[in-house]
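Colleague: Quick one: the structure is below, questions incoming.
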């Protein structure tokens, strides 16, 4: 994980060539991330999700996220599954102005998420004992660092590393 953070910072410092910054992110932006996680911190499965952010200043955005993952298993006719739905509010700081980025195609950001994990269990045995929901519902606190690369003015690819829902999430961002 240290290598991924290092790569983000190296990319940021390599972009410091210009005296004038052109902010790809700015106040009033509405961003919709649609992505897939490459692993899950809570339970199992592959999280897929969406996040919406609104730019309240030229450096700060706030929003919400919801993800979904299912972890299931079957053996000899017995099948069970856990479903996880993390829901959270999130806030991000966008480093474009601070780092004086010389490109309007790159948006580097970091932030935190606070929310709740909703989990449920099902099986085909009809048994309702101690294993009904071993994971249970719980609070969610997440930290993330990410970057977006804009291919067009309103379409970007994004990647986020962090703690909370997934160690690495990748996908597309749509700017409205």
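In mature numbering (1 follows the signal peptide of the UniProt record, and there is no 0), the protein residues as written are -23 to -1, 1 to 153. Glycine is no exception: its CB is placed at the ideal position from the N, C-alpha and C atoms.
Looking at the strands, I want to know which residues DSSP matches up with residue 85.
Modeller: Within the chain shown, the letter at position 108 stands for residue 85. BP columns for residue 85 point to 124.
Colleague: Are residue 20 and residue 61 close, meaning C-beta to C-beta below 7 Å?
Modeller: Against the chain shown, residue 20 aligns to sequence position 43. Against the chain shown, residue 61 aligns to sequence position 84. Result yes, Cβ atoms of residue 20 and residue 61 sit closer than 7 Å.
Colleague: Do you know offhand how far residue 141's Cα is from residue 51's?
Modeller: By 1-based counting over the chain shown, the position of residue 141 is 164. By 1-based counting over the chain shown, the position of residue 51 is 74. In a straight line, the C-alpha of residue 141 is about 27 Å away from that of residue 51.
Colleague: Among 48, 16, 80 and 55, which one has its Cα closest to the Cα of residue 102?
Modeller: Numbered from 1 along the chain shown, position 125 holds the residue referred to as residue 102. Nearest C-alpha to residue 102: 55.
Colleague: Do residue 91 and residue 118 count as a contact pair if the criterion is CB distance below 7 Å?
Modeller: Position 141 of the chain shown, counting from 1, holds the residue named residue 118. Position 114 of the chain shown, counting from 1, holds the residue named residue 91. A contact, by the Cβ cut-off of 7 Å.
Colleague: So if DSSP puts residue 44 in a beta bridge, which residue, or which two residues, is it bridged to?
Modeller: The residue labelled residue 44 in the question sits at position 67 within the chain shown. For residue 44, which the question treats as bridged, DSSP gives the partners 26.
Colleague: So what does DSSP say about residue 78, is it helix, strand or coil?
Modeller: Here residue 78 corresponds to residue number 101 of the chain shown, with the count starting at 1. It is coil, neither helix nor strand.
Colleague: Apply the 10 Å Cβ neighbour rule to residue 137 and answer buried if 16 or more other Cβ atoms are within range, or exposed otherwise.
Modeller: For the purposes of this step, residue 137 is identified with residue 160 of the chain shown, where counting begins at 1. Here residue 137 is buried. Its C-beta has 16 or more other C-beta atoms within 10 Å.
Colleague: Could you give the first and the last residue of the continuous beta strand (DSSP E) run that contains residue 58?
Modeller: Counting from 1 along the chain shown, the entry for residue 58 is found at position 81. Residues 55 to 71.
Colleague: Tell me whether residue 93 is buried or exposed, calling it buried when 16 or more other Cβ atoms sit within 10 Å of its Cβ.
Modeller: Position 116 of the chain shown holds residue 93. Burial state of residue 93 is exposed, judged by a 10 Å Cβ sphere holding fewer than 16 other Cβ atoms.
Colleague: Hey, could you find the ends of the beta strand (DSSP E) residue 133 is sitting in?
Modeller: Counted from its first residue, the chain shown places residue 133 at position 156. In this chain, the beta strand (DSSP E) harbouring residue 133 covers 132 to 140.
Colleague: Going by the DSSP bridge assignment, what does residue 98 pair with across the sheet?
Modeller: Here residue 98 refers to the residue found at position 121 of the chain shown. Note: residue 98 sits in a beta bridge opposite 59.
Colleague: Can you grab the Cα-Cα spacing for the pair residue 3 / residue 36, in whole Å?
Modeller: On the chain shown, position 26 is the one that residue 3 refers to. On the chain shown, position 59 is the one that residue 36 refers to. Distance between the alpha carbons of residue 3 and residue 36: 7 Å.
Colleague: Whose C-beta lies closer than 8 Å to the C-beta of residue 24 among residues of the same chain, with five residues either side of it excluded?
Modeller: For this step, residue 24 is matched to residue 47 along the chain shown. Excluding residues within five positions, the ones whose Cβ falls inside 8 Å are 13, 14, 17, 44, 45, 46, 61, 63, 142, 143 and 146.
Colleague: Which partner residues of residue 34 appear in the DSSP bridge assignment?
Modeller: As a working mapping, residue 34 is identified with position 57 in the chain shown. Paired residue(s): none; residue 34 is not in a bridge.
Colleague: Which of helix, strand or coil does DSSP assign to residue 4?
Modeller: Translated into the one-based positions of the chain shown, residue 4 becomes position 27. Here residue 4 sits in coil by DSSP.
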